[in-house]
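Oh and the sequence shown: position 67 is 782 in our numbering, straight run, nothing missing. Beta carbons are placed, not taken as given, at the ideal position from N, Cα and C, and that holds for glycine. Quick caveat: nothing in here was measured; it's all calculated off a predicted structure. What follows is a set of notes on a single structure, which appears directly below.
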Amino acid sequence: MIASVAQRRGVRQFVKFGIVGASGFVVNFVVFTLLQRVVPNHAQPLQYNVIYTVAFLAGGVSNYYLNRIWTFRSTSHAVREGAQFLTVSAIALIVGLIVSAFVSRWLGHGHRTWFVATVAGIFVNFFLNKYWTFRHID
Numbered sequence: 716m717i718a719s720v721a722q723r724r725g726v727r728q729f730v731k732f733g734i735v736g737a738s739g740f741v742v743n744f745v746v747f748t749l750l751q752r753v754v755p756n757h758a759q760p761l762q763y764n765v766i767y768t769v770a771f772l773a774g775g776v777s778n779y780y781l782n783r784i785w786t787f788r789s790t791s792h793a794v795r796e797g798a799q800f801l802t803v804s805a806i807a808l809i810v811g812l813i814v815s816a817f818v819s820r821w822l823g824h825g826h827r828t829w830f831v832a833t834v835a836g837i838f839v840n841f842f843l844n845k846y847w848t849f850r851h852i853d
């Protein structure tokens, strides 16, 4: 049964998407951590939001490239797909910032809040990218 589930294209894509997401998660985390060390007053909401956004976008660029060539194996119009992927990322970013604003009351503006906000967009990211950005992939 497990083998038959693993052979399903959508399941394989979700697993690959998760692996790519994990690598983007690492890129995001490293950039976030480095920026926290160099940006003064990074605990202030505006600076935190800028740091979060830059780190999120760095992970997103990495994710787009790897999802395009490995997860969905797309050969379609890269600029169009990139714009769609960026739109999905912007939606996930907004969700992340809303979640950050909500949970930072209890967790502060650090790595725990970053983690919760980043995890919040995983399923939205996958399904919007699978059924909109890369919908033409059979």
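Member of the options whose CA lies at the smallest distance from the CA of residue i
i: Gly836; options: His824, Gln728, Ala737 and Leu761; result: Ala737
i: Val831; options: Glu796, Gln759, Val814 and Ile766; result: Val814
i: Ser804; options: His824, Ser819, Ala773 and Leu822; result: Ala773
i: Trp785; options: Val745, His826, Val735 and Val794; result: Val735
i: Arg827; options: Gly725, Ala793 and Thr748; result: Thr748
i: Lys845; options: Arg788, Phe740, Val746 and Ser819; result: Arg788
i: Gly797; options: Gly775, Leu812 and Ala816; result: Gly775
i: Val769; options: Trp821, Val742 and Ala758; result: Val742
i: Leu750; options: Ser791, Val765 and Val726; result: Val765
Alpha helix (DSSP H) segment containing residue i, residue limits
i: Ser804; result: Ala793 to Leu822
i: Gly775; result: Pro760 to Leu781
i: His826; result: His826 to Ala835
i: Arg752; result: Arg724 to Val753
Whether residue i touches residue j by CB criterion (8 Å)
i: Tyr767; j: Trp829; result: yes
i: Val810; j: Val834; result: no
i: Phe841; j: Phe729; result: yes
Cβ-Cβ separation, residue j to residue i (assumed contact under 8 Å), whole Å
i: Phe800; j: Thr848; result: 5 Å
i: His824; j: Tyr763; result: 4 Å
Assigned exposure category for residue i - 16 Cβ within 10 Å defines buried
i: Ser777; result: buried
i: Ala807; result: buried
i: Arg783; result: buried
i: Leu843; result: buried
i: Ser819; result: buried
i: Val746; result: buried
i: Gly725; result: exposed
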